[in-house]
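**Q** Before I ask anything, here is the structure I am working with.
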Ligand code: SF4
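Numbering (the numbering used here), first residue to last: 7 to 347.
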């Protein structure tokens with residue numbers, strides 16, 4: 007491991023100042039991804055700015071507008087078990103419980119989950135080229151071992167996927183990410199927070215280096231998904247594995263007719279994958295297999311597989327239809343027994 011300095015500010019402004027002053031400094035909270043990256047010599051920060059003593063970031067509060075504001079430091083476990091989340095946004099709770107292990111969820115923070123990096127094998131191996139780790143060196147995953155890689159939105163420079171479960175649900179719930187930097191605070195819609203690789207795969211998000219996440223806000227109106235929702239995750243083993251394909255669905259139903267729909271895919275792209283035009287196909291229609299199949303078709307338009315992951319396209323089609331069926335029936339996927347209903 008390389009040498010680095012360590013500070014522990016108690017105010018948001020002090021953390022931002024430290025970050026602004028050091029272009030190779032890094033924020034650390036739970037450390038569940040960053041410490042691994044440092045051990046593998048993938049990340050080499052000169053300074054760690056530990057934000058875990060900033061009390062302002064550690065609470066869950068309801069805003070005047072009725073939105074639910076989750077501080078960046080709130081551990082994943084606390085979010086998943088908070089009664090305001092389980093009653094109004096059970097989709098988020100379910101997605102968090104589908105990920106990692108209890109120990110990791112206890113340590114991992116909300117902000118850190120958003121900023122975790124891909125689990126592409128080559129990215130973690132400094133002995134291989136990788137455009138995300140070292141721009142311009144190439145992407146060995148395209149011709150190599152690519153079982154966990156992207157089928158949508160990839161580029162010739164990178165076919166990595168974003169590994170989070172929580173972010174897939176946040177995208178379906180149309181969460182807003184609040185950040186602050188030297189020029190003040192701003193709000194980033196979840197759909198714009200993560201980016202596709204294009205020709206700059208080393209940049210995962212639209213967060214600037216000198217900004218930190220302060221909170222994630224869940225809109226009050228999408229508490230309407232609390233009855234008809236599901237988070238369905240397919241993976242190589244039933245726990246402690248990243249998604250091959252996952253689907254977050256929130257529906258607002260009027261009898262058997264869909265009034266509003268939000269669907270996001272995980273494990274298939276460099277960011278949680280949403281297509282509003284696919285969601286629109288459901289609006290005003292009775293829930294049923296034909297329209298679910300049309301939605302799957304639209305979501306997977308342009309999908310491209312590689313030697314080891316082409317199976318994901320058909321798998322995703324089936325998982326989308328199954329997830330929509332579960333959500334419409336008000337029969338969400340259990341993250342305890344894990345049998346697919
Ligand atoms: Fe690197 Fe992306 Fe290629 Fe993986 S897929 S080797 S992260 S450039």
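Just so you know, even glycine gets a beta-carbon here, dropped at the ideal spot from N, CA and C. Given the structure is predicted, the values throughout are model-derived calculations rather than measurements.
Answer yes or no: do residue 257 and residue 228 have a C-beta to C-beta separation smaller than 7 Å?
**A** Not a contact, by the Cβ cut-off of 7 Å.
**Q** Say the cut is 6 Å; is the CB of residue 231 nearer than that to a heavy atom of ligand 1?
**A** It does not: the Cβ of residue 231 is nowhere closer than 6 Å to a heavy atom of ligand 1.
**Q** Specify the secondary structure class of residue 187 as computed by DSSP and reduced to three states.
**A** Correct three-state label for residue 187: strand.
**Q** If distances are taken between C-alpha atoms only, which option among 152, 151, 170 comes closest to residue 270?
**A** Looking at the Cα atoms, 170 is the closest of the given residues.
**Q** Smallest Cα separation from residue 226: which of 135, 199, 72, 118?
**A** The option with the nearest alpha carbon to residue 226 is 72.
**Q** Could you tell me which whole beta strand (DSSP E) segments of length 3 or greater appear in the segment 39-121?
**A** Runs found: 53-56, 66-68, 74-77.
**Q** Closer than 6 Å to a non-hydrogen atom of ligand 1 - does that hold for the CB of residue 165?
**A** Residue 165: yes, Cβ under 6 Å from ligand 1.
**Q** DSSP beta-bridge partners for residue 13?
**A** BP columns for residue 13 point to 55.
**Q** Measure the CB-CB distance between residue 89 and residue 112 and report whether it falls below 7 Å.
**A** For residue 89 and residue 112, no; Cβs fall outside 7 Å.
**Q** From this set, 301, 333, 325, 244, which residue's C-alpha is nearest residue 103's C-alpha?
**A** Selected option, being the one with the closest Cα: 244.
**Q** Tell me whether residue 268 sits in a helix, a strand or coil according to DSSP, three-state version.
**A** The answer is strand: DSSP assigns residue 268 an E or B state.
**Q** Give me the DSSP bridge partner(s) of residue 200.
**A** 211, per the DSSP bridge assignment.
**Q** Using DSSP bridges, identify the partner residues of residue 252.
**A** Answer by DSSP bridge pairing, in chain order: 239, 272.
**Q** Given residue 31, which residues of its chain have a CB within under 8 Å of its CB, disregarding the five upstream and five downstream residues?
**A** Excluding positions up to five away in sequence, the list reads 24, 25, 51, 52, 53, 54, 55.
**Q** If we ignore side chains and look at the alpha-carbon of each, how far apart do residue 255 and residue 9 end up?
**A** Residue 255 and residue 9: Cα-Cα distance of roughly 45 Å.
**Q** Counting pairs of Cβ atoms below 8 Å between the segment 147-158 and the segment 307-319, do you hit three or more?
**A** The answer is yes - the segment 307-319 touches the segment 147-158, with three or more Cβ pairs under 8 Å.
**Q** Can you give me the C-alpha to C-alpha distance between residue 65 and residue 222, rounded to a whole angstrom?
**A** Each residue's alpha carbon lies about 11 Å from the other.
**Q** For ligand 1, is there any heavy atom lying closer than 6 Å to the beta carbon of residue 141?
**A** No; taking the cut-off as 6 Å, the Cβ of residue 141 has no heavy atom of ligand 1 nearer than that.
**Q** For ligand 1, any of its heavy atoms closer than 6 Å to the Cβ of residue 147?
**A** Answer for residue 147: yes, Cβ within range of ligand 1.
**Q** In its own chain, which residues sit with a C-beta less than 8 Å from the C-beta of residue 289, not counting the 5 before and 5 after it?
**A** Cβ neighbours of residue 289 beyond the five flanking positions: 264, 265, 266, 267.
**Q** Could you tell me the boundaries of the beta strand (DSSP E) in which residue 223 lies?
**A** Taken as a continuous stretch (DSSP letters only), the beta strand (DSSP E) holding residue 223 covers 218-224.
**Q** Identify, in the order they occur along the chain, each residue of the same chain with its Cβ nearer than 7 Å to the Cβ of residue 302, setting aside the five sequence neighbours on each side.
**A** 323, 326, 327.
**Q** Would you call the CB atoms of residue 276 and residue 168 closer than 7 Å?
**A** Yes; because the gap between Cβ atoms is below 7 Å, this pair is in contact.
**Q** Look at residue 232 and residue 239 and say whether their C-beta atoms are less than 7 Å apart.
**A** It is not a contact, given that the beta carbons lie outside the stated cut-off.
**Q** Any chance the segment 43-50 sits against the segment 127-138, with 3 or more Cβ pairs inside 8 Å?
**A** Touching, yes, given that three or more Cβ pairs across the two stretches are closer than 8 Å.
**Q** For residue 332 versus residue 345, is the C-beta spacing smaller than 7 Å?
**A** Contact: no.
**Q** By DSSP, does residue 192 sit in helix, in strand, or in coil?
**A** Of the three classes helix, strand and coil, the one that applies to residue 192 here is strand, per DSSP.
**Q** Residue 228 by DSSP, collapsed to three states: which one?
**A** Reduced to three states, the DSSP call for residue 228 is helix.
**Q** To which residues of the same chain is residue 208 closer than 6 Å at the C-beta, ignoring the five residues directly before and after it?
**A** Hits under 6 Å: 138, 141.
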